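Asks:
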Amino acid sequence: QDEIGQLDKVFHAMVEQLSEAAAQKQDFISMMSHDLRSPLSSLQVTLAVLLRGQYGALNDTGIVRAKSAERSVTRLINMISELLEFEKLSSGVFDLQLEVVPISQLAELAGDAVYDLAEESNVKLELPANILKVVADKKRIVQVLVNLFANAIRYCAPGGKVSLEAEKQDDLVIVKVKDNGPGIPADSREKIFERFQQVQTPGKESRQGSGLGLAICKAIVEGHRGRIGVQDNQGRGSVFWFTLSSGEGSND
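In my numbering, the protein residues as written are 1481 to 1732.
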């Protein structure tokens, strides 16, 4: 009994230490993110003012360099935001506002968010009307779709196509985002959902992102008690899929 009691004390002490370490890690990341984001936000504002000509007109070279700097600053701010988002989601401390919502509504909201990117990339985004409903946190699942759409668009060649499909299987709805890009090597399909992982595909330069986008998608989907994965699109690109609980038969 004494040995068991001692082991119990040791176990609880370990739990307390782990909890404290996790809290310290979160505090550290939050502090560092704030310390980094504040000056970057100030620089972003300054660059925007410069580009508006409020400090005098810039020559062509100045405009090009200022726009390049603005894009870089925006990318860094987004990376910091993704790091904070991932830490929040991976800790399991986030609330889901679940409701019954049509797939078509989620797709439309996400499509609006990536419309400009698709236009600039000359990639067609197909979002057919879908009458299926799911139980989901609208904001979070739109976030997942935006990430999947944006990735697919970026990896497609000009003239490519990205589409969304959904099908009911028992009490689940399987949502699929398809593209006709270069595809993802088989040995990379599992690890791309891990944090800080990026996909190397033939003919495409590596994106300068945080490598957290798909890890965030995974955390959100798993928070809905769903699954997420990727498969080959019959040799013509990739299919990212995830599952959600069906909203059919639920009270709206």
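Here a beta-carbon is modelled for each residue, glycine too, at the ideal position from N, C-alpha and C. The structure displayed is predicted, hence computed values, not measured ones.
For A1739, which three-state DSSP category applies?
Replies: No answer is possible for residue 1739: the residues shown for the chain start at 1481 and end at 1732.
Asks: So, helix, strand or coil for I1654, using DSSP?
Replies: The residue labelled residue 1654 in the question sits at position 174 within the sequence shown. Strand.
Asks: By the three-class DSSP mapping on this structure, what secondary structure does D1712 have?
Replies: The sequence position of residue 1712 within the sequence shown is 232, counting from 1. Looking at D1712 - three-state DSSP - the assignment turns out to be strand.
Asks: If you measure between the beta carbons of V1655 and L1605, is that distance less than 7 Å?
Replies: Counted from its first residue, the sequence shown places residue 1655 at position 175. Counted from its first residue, the sequence shown places residue 1605 at position 125. In this structure, L1605 does not lie closer than 7 Å to V1655 by Cβ.
Asks: Near P1582, what residues of its chain come up, given a Cβ to Cβ distance below 6 Å and the 5 sequence neighbours on each side ignored?
Replies: Sequence index remark: in the sequence shown, residue 1582 carries index 102 (1-based). Answer for P1582: K1613, listed in chain order.
Asks: For the putative contact between R1456 and V1710, defined by C-beta atoms under 8 Å, what is the C-beta separation to the nearest angstrom?
Replies: The structure shown has nothing for residue 1456, since the chain only spans 1481 to 1732.
Asks: Nearest CA to the CA of L1516: which residue from L1563, R1705 and Y1535?
Replies: On the sequence shown, residue 1516 is found 36 positions in, with the first residue counted as 1. Among L1563, R1705 and Y1535, the Cα nearest to that of L1516 belongs to L1563.
Asks: So, with DSSP's three-state summary, where would you put E1600?
Replies: The sequence position of residue 1600 within the sequence shown is 120, counting from 1. Correct three-state label for E1600: helix.
Asks: Does DSSP classify P1608 as helix, strand or coil?
Replies: Counting from 1 along the sequence shown, the entry for residue 1608 is found at position 128. Correct three-state label for P1608: coil.
Asks: CB G1639 to CB N1602, shorter than 7 Å?
Replies: Mapped onto the sequence shown, residue 1639 falls at position 159. Mapped onto the sequence shown, residue 1602 falls at position 122. For G1639 and N1602, yes; Cβs fall inside 7 Å.
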